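As structure tokens, the structure follows; a few thoughts come after it.
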Amino acid sequence: MVINAVHEFSDKDISLKTLAAKLNMHPSYLGNIFHQQTGFYFNDYLNDERLKYAAGLLENTDMKLKDIVDQAGFSSQTYFNRLFKRRYGAPPNAYRRELRARACFKTDF
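Under the numbering used here, the first residue of the sequence shown is numbered 17, with each subsequent residue one higher.
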């Protein structure tokens with residue numbers, strides 16, 4: 017249930033606390049179980065999944081960055097940009113430009 021909730025992306029307010037309340041568990045206990053089962057801390061896992069989803073939208077759509085940030089479930093574009101650059105080595109718009117440049121280069125031959 018916890019992993020499924022993370023993959024829905026529509027709920028910006030998803031947190032260990034809200035999920036624990038739905039499961040009638042203490043948030044720290046749920047966090048410990050999540051870490052034992054997945055090897056990830058909940059927030060790290062949540063952000064990583066949201067970043068992968070956003071990267072897919074950058075690659076496969078022409079959506080505006082603001083809309084991608086919202087759809088991926090981030091509440092702040094600044095925070096998203098920082099996490100994205102840390103994970104992918106480039107800001108989101110530069111990442112998109114580079115992907116498109118590579119795609120054009122491949123089709124030119």
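Yeah, the Cβ is synthetic: ideal placement off N, Cα and C, and Gly gets one too.
Computed from a prediction, not measured in an experiment: that's the story for all the values here.
In its chain, beyond the 5 residues on either side, Val22 have a beta carbon closer than 6 Å to the beta carbon of Glu65. According to the DSSP assignment, Gly47 belongs to the alpha helix (DSSP H) that extends over Pro43 to Thr54. By the Cβ neighbour-count rule, Arg112 is buried, with 16 or more other Cβ atoms within 10 Å of its own. Judged by their CB atoms, Gly47 and Phe56 are not nearer to each other than the 8 Å cut-off. Shown here for Asp78: not one same chain residue has a beta carbon closer than 6 Å to its own, the five before and five after excluded. With a 10 Å radius around the Cβ and a threshold of 16 neighbouring Cβ atoms, Asn63 comes out buried. Here DSSP, grouped into helix, strand and coil, assigns Leu39 to coil. When DSSP states are grouped into helix, strand and coil, Glu75 belongs to the helix group.
CA-to-CA, the gap between Thr94 and Lys28 works out to about 15 Å.
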